[in-house]
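Taking it in order: structure first as structure tokens, then the write-up.
Protein chains: 2
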Amino acid sequence: MKTNSHKCQTCPSKGEGIFCDLENQALDKVSSAKVFNTYKKGQTLFMEGSPPYGLFCIQEGTIKLTKTGEDGKESIVRIACNGDVLGHRSIFSDTNFQATATAIEETTVCFIDRKFIMRMVSEEPTVAQNIICQLGKSLGDSEDRIASFAQKNVRERTAELLLILNESHGKDHALGRLLEIKLTREEMASIISTATETLIRQLSEFKEEGVIKQEGKKLIIANIDQLAGIAGR
Amino acid sequence: MKTNSHKCQTCPSKGEGIFCDLENQALDKVSSAKVFNTYKKGQTLFMEGSPPYGLFCIQEGTIKLTKTGEDGKESIVRIACNGDVLGHRSIFSDTNFQATATAIEETTVCFIDRKFIMRMVSEEPTVAQNIICQLGKSLGDSEDRIASFAQKNVRERTAELLLILNESHGKDHALGRLLEIKLTREEMASIISTATETLIRQLSEFKEEGVIKQEGKKLIIANIDQLAGIAGR
DNA sequence: ATTTAAATATGATATAAGTCATAAAACTTT
DNA sequence: AAAGTTTTATGACTTATATCATATTTAAAT
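Quick look at the structure:
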């Protein structure tokens, strides 16, 4: 399933990725250095503890990053999607992966060798800047979650999660905003650090209140303002 | 209290900072571009929501980064010390500060204008790499904390906090490892997202068990292996 | 199509940790 | 040195949320 026939020039995530500011010539170099790959739902890109050989650039799809506790309980530390890069943290600090990356839907990814990316960062300042920018955004999101955990209860964090999912995966729909992401309740619970049953109960409560609706397996935010009020922002 | 008489070449944090790989010539440029400043305990470097004009490089001391909830409750999202840089996230993503930075002890800091640092990142790849490396480390720490909340109880998180403080501020001592950082119990509680009383109770429990001791205001880790066992690592 | 397994849902119960109250230390300020 | 303020410390009580148990629904496998 590996090929090099794809061109970065026509990549669907071109506008968002770390190579978005490159000239055509430099982009050609990236095109030839990368390896294209498709991961099915449930497949892992890399495992916690293993050494990084390069960078993963998400073209299209969604990846969860998880850490496993001693008791085996997994917790989701980040969700990455189109244009996001994985592995930069490990590569630049020369440490093993601190989390496991798993596709939660079919995802197309480009892999770029670590040596190539190191050279790229030296030669193309915009690439370095974009990596800094993305890492910064992830750090901001991560610290938001820490504060959220300290300051908000499950009801507020659930509302917040739905709003965040809306920003990254929300589509317009007759009844409101349809969340085009198929996370299990267990995964949603893990993101906001609560028990699966507690999250399910909270979603049921939101349904009763008419804040959200369900169509098949997909959730729809029916009243986004009310949800924002609950999340407290 | 502002001066330019300090040279980066003789900075106590030179080995750890983002400019550590620069040649003397380039370092001279940094020396003349920076503004040196001292913050007393409790003074703020910048406030959540305000725009960033540059980068803060910590020469010596400790800074807490806090976020304030609607209810006014502050939570500590990061602790930064010698060699750490603040403001990179905001500068590169061109957003306002997402947290407030306050000195928790007397801290000496160099301020570097945003335009200068942007130029530096373009011209000196090692600076960009070091920023990436530091951001990556912060992101890793932050995600560790998220997993920690999800997977550990207050007892375990308290043990973990003491171990982390030991790594950054621990000094050898007759009774074990002395933590050379003066955080209030409220601040310690905030770091691990628990109530002040709960943290105090946990420390009392550790004292009873003989895992930690107290000398004046400072804590001493008497049995680091046992503490590591409790933290689960 | 039928069986098996996994995910969702809800009730009942337990408990870790939060909140409130109060007091004693430990610093600050006058 | 005395008064005031903040921090540390414990006890008593409450509550949000985890855990356990058990259906029900949905998806996967045979």
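Chains as they are written, first to last, in the numbering used here: chain A, 1 to 233; chain B, 234 to 466. Each residue gets a CB set at the ideal place from its N, CA and C atoms; glycine is no exception. Here the structure is a predicted model, which is why all the values come from computation and not from measurement.
For Ala455 (chain B), there is no enclosing beta strand (DSSP E), as DSSP gives it neither H nor E.
Of the candidates A:Phe92, A:Lys213, A:Gly210, the residue whose Cα lies closest to the Cα of Val121 (chain A) is A:Phe92. Secondary structure at Asn24 (chain A): helix, using DSSP grouped into helix, strand and coil. In this structure, Phe116 (chain A) lies near Gly54 (chain A), with their beta-carbon atoms less than 9 Å apart.
Between Leu86 (chain A) and chain B, the shortest Cβ-Cβ separation is not below 9 Å.
Counting the other CB atoms within 10 Å of its CB gives Arg378 (chain B) a total of 16 or more, which places it among the buried residues. Considering only A:Leu199, A:Asn130, A:Lys218, the residue with the shortest C-alpha distance to Lys171 (chain A) is A:Lys218.
In the assembly as shown, Asn386 (chain B) is an exposed residue. Its beta-carbon has fewer than 16 other beta-carbons within 10 Å.
One thing to note: Phe149 (chain A) has its Cβ no nearer than 9 Å to the Cβ of Ser437 (chain B). In the three-state scheme derived from DSSP, where H, G and I count as helix and E and B as strand, Gln276 (chain B) is classed as coil. With a cutoff of 9 Å on beta-carbon distance, Gly294 (chain B) and Glu249 (chain B) are scored as not near each other. When CB distances to chain A are screened at a threshold of 7 Å, the residues of the region 356 to 381 of chain B falling below it are Pro358, Ala361, Gln362, Ile364, Ile365, Cys366, Leu368, Gly369, Lys370, Ser371, Leu372, Gly373, Ser375, Glu376, Arg378, Ile379, Ala380, in chain order. Looking at the backbone, the Cα of Asn257 (chain B) and that of Ala461 (chain B) are separated by about 42 Å. About 14 Å separates the beta carbons of Ile112 (chain A) and Asp84 (chain A), which is beyond the 8 Å limit, so they are not a contact pair. If you draw a straight line from the Cα of Ile181 (chain A) to the Cα of Gly232 (chain A), it comes to about 23 Å. As the crow flies, the alpha-carbon of Ala361 (chain B) is around 27 Å from that of Met47 (chain A). Straight-line spacing of the CA atoms in Lys440 (chain B) and Leu298 (chain B) works out to 29 Å. The beta carbon of Val342 (chain B) sits closer than 7 Å to the beta carbons of Asn270, Tyr272, Leu278, Phe289, Cys290, Ile291, Gln292 from its chain, once the five residues preceding and following it are set aside; these are given in chain order.
Residue range 74 to 81 is occupied by the beta strand (DSSP E) that includes Ala80 (chain A). When secondary structure is reduced to three states using DSSP, Val444 (chain B) falls in the coil class, being assigned neither helix nor strand. Assignment of Leu412 (chain B) by DSSP, reduced to helix, strand and coil, places it in the strand class. Using a Cβ-Cβ cut-off of 7 Å, Glu70 (chain A) is close to Gly465 of chain B, given in chain order.
Contact annotation: in the region 87 to 103 of chain A, residues whose CB is within less than 9 Å of a CB in chain B are His88, Arg89, Ser90, Ile91, Phe92, Ser93, Asp94, Thr95, Gln98, Ala99.
Excluding residues up to 5 positions away in sequence, Ala103, Ile104, Glu105, Glu106 lie with their Cβ nearer than 7 Å to the Cβ of Lys41 (chain A) in the same chain. Bridge partners of Phe344 (chain B) according to DSSP: B:Val268, B:Phe289.
Under the Cβ distance rule, Ala33 (chain A) does not count among the residues neighbouring chain B, no pair being separated by less than 9 Å. Distances from the CA of Leu260 (chain B) to each of B:Glu356, B:Ile296, B:Arg418, B:Ser423 were compared; the closest alpha carbon is that of B:Glu356. CA-to-CA, the gap between Gly373 (chain B) and Gly443 (chain B) works out to about 31 Å.
Minimum Cα-Cα distance from Ile212 (chain A) among the listed residues A:Arg157, A:Leu178, A:Gln151, A:Lys29 corresponds to A:Leu178. The three-state secondary structure of Ala228 (chain A), taken from DSSP, is helix.
Ranked by how close their Cα comes to the Cα of Leu162 (chain A), the residues A:Arg185, A:Val30, A:Leu86, A:Pro51 have A:Arg185 in first place. Setting aside the 5 residues that flank it on each side, Ile220 (chain A) is surrounded in the same chain by His173, Leu175, Gly176, Arg177, Leu178, Leu179, Ile212, Lys213, Gln214, each with a C-beta closer than 8 Å to its C-beta; the list follows chain order. When rounded, the separation of the alpha-carbon atoms in Asn329 (chain B) and Gly282 (chain B) is 5 Å.
Looking only at A:Cys11, A:Ser190, A:Val30, the smallest Cα-Cα distance to Ser75 (chain A) is reached by A:Ser190. Contacts between Ser283 (chain B) and chain A, judged by CB atoms closer than 7 Å, are missing: the closest CB pair is about 15 Å apart. At least one beta carbon of chain A lies nearer than 9 Å to the beta carbon of Arg311 (chain B).
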